[in-house]
Amino acid sequence: MDGWTRRCLRGIHTVLVDDGLDGDDALPYDFFDGVTPGSSKRIVRIEFVVPGFIEEACAKFESDGAAAWGRFVQRLRDYIDDALRDREVVGFKSVICYRTGLAIPRDADEETALRVFEGIHRERTAPGAAAFKRIDHPGLNEFIVHTLAGAIQAWQGGFRKPIQFHTGLGDNDITLTKSSPAHMQRFIEAYPDVPFVLLHSGYPFTRELGYLAAMYKNAYADIGEVFPFLSRDGQMGVVRQILELCPGEKILWSTDGHWFPETYFLAVEQVREVLDAVLQDYVHKGDLSLGQAIRLTEDVFYNNSNKLYSLGLEEVRREMGDSAEAGLDEGGSERSLALLSRHLEGDEPPRFLGIYWNDMTATARMRAVPIRRVLSMLSGGEELSFGVTKAGLGLTQLDTPAEGVSPSGEYRLHPDLGTLRAGPKKGYLSARGVFKESDGSAVPLCPRTALIRALDTAKAHGLNFTLGFEIELVLMKVSEKGDTLEPLDKHGHAWSVARAMDHEAASRVIEPAVAALDEAGIYIDMVHPESAPGQYEVVLPKAPALQAVDTLLFARDVLSSHATAAGYRMTLHPKPFAAACGTAAHVHISLQRADEEEGKEKGEEDVPAEVYEPFYAGVLAHLRAIAAFTYSSAASYERVVDGVWAGGTYISWGGQNRETPLRKIGGSHWEVKCMDGIANPYLALAAVVSAGVMGVREGRELAWRDCGTRAPAALTQGERDALGIVSRFPGSLEDALDELRSDGELVGELGAELVERYVAVKEAELKLLTDMDGETRKRWIMERY
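Residue numbering for the sequence shown follows this note's numbering, starting at 2 and increasing by one per position.
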């Protein structure tokens, strides 16, 4: 029997036992010590012990009701005090919901309770009276829970033990209208230092339960019992409703298992399935990052109860943050299968999993793995990773190795299934990949890992980031022979001109691509025509930093795929037309405070100027070196000119000034304009974040002053000197690479190995382009970006 029970309770560490449910008819609470890893603890059901105190008081003072009352009250208070001292007791429970309902008055009414007790005393001391068994007396029941709450409120012995209250869902002997936790609002307010745990999801009053837990620091929502009582849809509805308002730190879960070990098994299995389904949906819609979903799961199932009931167990906390988004197949085949499963339903399930990475040249590379192979690997317990030559992070666009790149060795490419989305074209799922060594250690040359490391360093300094990208693109018509790219007819195409959305390129490429992004859970903010022929801008939603970069690359893939299918070529070339505006990849950056211990954002409040000004001062101080990443192509410098709203050539910033490379929008929200679509955004943002963190660490002064409404190029030299504008961007990629090499501080932050490899690849790329004339080089770049 113990073996079966142990199997049913697998996955449960500790059981908190309400041992007043059946008294001596059930096994003692410490029975569970033999079937779970942790020691069980007691929950004292107050209504279970009270009848004994009443029985004893009536027997002792048969002829004196007032004396019996005094005896009862004293016994009740002594028992509560003893329980508060008892280390085996971690909480109390009341089932007043079953008796007189949850409409408990704010204040205790001892006079009414005394009158009710005297009536009980008369009945009990009458000849032939039966023993008192059940406390179900309006006025007295409320006094009892007030006495319990008052004792906990006044407790000076340290940990204040919580009171659990049955709410909502129960048998037919409750009055449904009195079982809503909303009735308890004033009672909860009366005892602000007493933790109240509102049980059983409050069903069908789940939203009321979540409201109380969200609004009162001492109220907690336990979403048990609905597993397995409700249907799957009902259970999912409960989870969604509780998460509408209630913070994850205020949600608990309990099995409500009793009598049979199978009740624990069913509760555990069903809550896992339902929470997994709901949170996966939120992750894929972008409402939660995968790291946030995992933290919430850990908290609901373990950490919150461990803390609230002061169990003293070791906290469960994976090292999350943005770094947790990488290589999530470490969570095991079961989790990976669960993440894949929601995409494999429907009439036309995907055939391939595409695992994408961006190399040093920002070329999007991938491996397409048949879904049957992925499922075979996972079901067989095989690690979901794939071998890729180490030379892959040292190749040019023509697959020629840069100087010093060896053909030997192999990395493992791990798909981050937290980035899993349907697309970029029909029949495919895609995920961003991260490179690891065969022993699982990080690869310093992996661009995505470089950004993860930079974000982790920032988090250690108390900073989180929200990013928002703008995709500027140009659509070119592929000739009938397929050998030339033809600009779209201008036909009045200009910035934000409405008729530009009437072009078939918009209806055949942009609009269906936006619909596909919608299906994939990426809800763009807007689309509008830009100035150059066939040029459009797609504005992506803001997101946490790593997620935002992953989303940017996926969205570009979707747009490119739709363009190709419609007979167009999407290009990110920085300057496709000499006489028209160039094409950029602006990124909006906002800073938030981070909890250094747990890596959580402390709300969405903006950081103060004393934090964000040193950050952007660090960026400006290293911007000439950062340009090697943000302006990463020889063609990038064709766009770096003054007077065309492209950010200009001067290292500067301005409030709402589009002629400066950094545009301040408000508070810590600034736009980085000095980046184009040929940049590898992982490396570019790693450089920006690293430089900014150096500024924060050093307390760097923002020596550059606001340019105001004037373009730096329009100022006199004296005016620029007064604003601290003393340098300009490098004039070429060669110069930018030299600046990067010589910036020892930035190299130290990013890693010398990474910078050395990046520079080597870029120099090899420049050699490829040297002998090309302007048109040939432009065509060559357009074919690849």
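Cβ atoms here follow ideal geometry from the backbone N, Cα and C, with glycine treated the same way.
message: Need the endpoints of the alpha helix (DSSP H) that residue 305 sits in, please.
response: 305–309
task: Between the Cα of residue 768 and those of 634, 663, 289, 88, spot the shortest distance and give me the residue it belongs to.
output: 634
message: Looking at residue 283: is its Cβ nearer than 8 Å to the Cβ of residue 174?
response: no
query: Just checking my contact of residue 625 with residue 666 at CB under 8 Å: how many whole Å lie between their CB atoms?
result: That belief does not hold up - the Cβ atoms of residue 625 and residue 666 are roughly 23 Å apart, past 8 Å.
query: Along the chain, which unbroken stretches of the beta strand (DSSP E) at least 3 residues long are found entirely within the region 214–278?
result: 220–223
message: Less than 7 Å between C-beta atoms, sequence neighbours within five positions excluded: which residues of the same chain meet that for residue 362?
response: 397, 398, 762, 766
Residue 771 - DSSP class collapsed to helix/strand/coil: helix
field: Integer-rounded CB distance, given that residue 45 should sit under 8 Å from residue 94
entry: 7 Å
message: For a test of the three-state rule: what should DSSP assign to residue 94, helix, strand or coil?
response: strand
- prompt: Can we say the region 411–422 touches the region 431–439, given the rule of at least three CB pairs closer than 8 Å?
  reply: yes
field: Rounded separation between residue 559 and residue 566 - CA only
entry: 11 Å
- prompt: Cβ-heavy atom distance between residue 46 and the ligand ATP below 7 Å?
  reply: Because no ligand of any kind appears in the structure shown, any question about the ligand ATP cannot be addressed here.
query: Which two residues bound the contiguous alpha helix (DSSP H) that contains residue 147?
result: 141–155
message: Helix, strand or coil for residue 735? Go by DSSP, reduced to three states.
response: helix
query: If you check the beta carbons only, do residue 540 and residue 525 fall under 8 Å apart?
result: yes
- prompt: For residue 300, which of helix, strand or coil comes out of DSSP?
  reply: helix
- prompt: CA-CA distance, residue 328 and residue 244?
  reply: In this prediction, residue 328 has a pLDDT of 40, which is less than 50 and means its spatial position is unreliable; what the coordinates show is noted afterwards. For residue 328 and residue 244, the distance between alpha carbons rounds to 27 Å.
message: So, at 8 Å on beta carbons, what are the nonlocal neighbours of residue 779 in its own chain, with the 5 sequence-adjacent residues on each side left out?
response: 574, 577, 636
- prompt: Run through DSSP, which three-state label would residue 419 get?
  reply: strand
task: State the DSSP-derived secondary structure class of residue 320, mapped to helix, strand or coil.
output: Confidence in residue 320 is poor, its pLDDT being 43 and thus under 50, which makes the residue's placement too unreliable to answer from.
Local Cβ density within 10 Å of residue 178, reported as buried at 16 or more and exposed below that: exposed
message: Given a cut-off of 8 Å on the beta-carbon distance, is the pair residue 355 and residue 369 in contact?
response: yes
query: Once you ignore the five residues that flank residue 631 on each side, which residues in its own chain have a CB closer than 6 Å to its CB?
result: 675, 676, 680, 685
message: Since residue 254 and residue 302 should fall inside the 8 Å C-beta cutoff, what is the C-beta to C-beta distance between them, to a whole number of angstroms?
response: 6 Å
- request: Would you list the one or two residues that DSSP bridges to residue 365?
  value: 359
field: Beta-carbon contacts of residue 150 that lie in its chain and below 6 Å, excluding the five residues immediately before and after
entry: 192, 195
query: Do you know how far the Cα of residue 590 is from the Cα of residue 79?
result: 59 Å
- request: Tell me whether the beta-carbon of residue 741 lies closer than 8 Å to the beta-carbon of residue 727.
  value: no
query: Is DSSP giving residue 787 helix, strand or coil here?
result: Residue 787 is absent from the model: the chain starts at 2 and stops at 786.
message: Nearest by alpha-carbon distance to residue 127: which of 457, 693, 64, 77 is it?
response: 64
query: Between the beta-carbon of residue 452 and the beta-carbon of residue 683, is there less than 8 Å?
result: yes
message: In the DSSP output, what is residue 670 paired with across the bridge?
response: 667
task: Taking only the alpha-carbon atoms, compute the straight-line gap between residue 287 and residue 650 and give it to the nearest angstrom.
output: 36 Å
field: Three-state secondary structure assigned by DSSP to residue 325
entry: Annotation note: pLDDT 38 at residue 325 (below 50); position unreliable, coordinate value reported separately. Three-state DSSP puts residue 325 in a helix.
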